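To start, the structure itself, in structure tokens.
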Amino acid sequence: MATSLAYTATYSHSADALRAALADEQYWKDRIAEVGGADAQLVEFDAAEDRLHVRMVQTIPAAELPSAITAVRPEGLVITRSETYTREGGSFEARVEGVPAQVSGTVRLTESDTAAEAVVAGAAEVGIPLFGKKIEAAIVTRLLDMLATEAEFTDTWITDH
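Here the numbering used here runs 2 ahead of the position in the sequence shown, where the first position is 1.
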């Protein structure tokens, strides 16, 4: 049984401004450099008129992980993240190298006259007996922090550009 993930990012910009940022390769390069962590890389950016796909690789050093994770993976984590967007929203997936763990879900964009929201719904699933639930909870906690940091970066980036 997977552990649920729910997050809502509120932006002080329109949904069109948010879509424009997501469609800008420089936004992704800046985001990964600013909040992606050590050795983070943007490895794929594919923007078509009606669809956007991005793939990143991020590492989390063992020193930044809870003991529930380092008990299973003492050397830290390498995570491949993929995000795909259309006008209305998108989907995301993250896989942890060498560990039977994945996170996936959807992003729904909503808007008012002056603001946009990205409503994230997903789940983390770790296929490790006995430790799986603890690791899932740690992953979800870390992802919620990361989503908040990325949302703050995005709002600032849109303001600055």
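Cβ coordinates follow ideal geometry from the N, Cα and C atoms, glycine included. Predicted model only: the values in this text are computed from it and were never measured.
Looking only at its chain, what residues have a beta carbon closer than 6 Å to the beta carbon of residue i, apart from the 5 residues adjacent to it on each side?
i	result
Ala153	Ala11
Ala2	Any question about residue 2 goes unanswered here, given that the chain covers just 3 to 163.
Ile137	Ala70, Ile71, Val128
Arg97	Thr82, Gln104
Glu46	Arg57
Ser6	Ala125
Gly91	Val109, Arg110, Leu111
Ile160	His15, Ala19, Ala23
Pro102	Gly129
Val121	Thr10, Arg110
DSSP beta-bridge partners for residue i?
i	result
Ile214	This structure does not reach residue 214, given that the chain is present from 3 up to 163, and the question cannot be answered.
Ala103	Val128
Name the two residues that bound the continuous alpha helix (DSSP H) containing residue i.
i	result
Arg144	134-162
Pick helix, strand or coil for residue i, following the three-state DSSP scheme.
i	result
Glu90	coil
Ala96	strand
Ala120	strand
Ser16	coil
Ser84	strand
Hey, quick one: how far does the beta strand (DSSP E) through residue i stretch, first residue to last?
i	result
Ser6	5-13
In chain order, what residues of the same chain lie with their CB nearer than 8 Å to the CB of residue i, ignoring the 5 residues before and after it?
i	result
Ala4	Ala125, Ala126, Glu127, Glu138
Gly100	Arg75, Val80
Tell me which same chain residues have a C-beta within less than 7 Å of the C-beta of residue i, skipping the five on either side of it?
i	result
Ala140	Pro68, Ala70, Ile71
Ser14	Ala117, Asp157
Trp30	Leu44, Phe47, Val56
Ala65	none
Would residue i pass as an interface residue toward chain C - the criterion being a Cβ-Cβ separation below 8 Å?
i	result
Ser84	The chain inventory of the structure shown lacks chain C, comprising one protein chain alone.
Legend entry - Those runs of the beta strand (DSSP E) which lie wholly inside the region 18-73 and span at least 3 residues: Counting only runs of 3 or more residues that sit fully inside the region 18-73, the beta strand (DSSP E) segments are 43-49, 54-62, in chain order.
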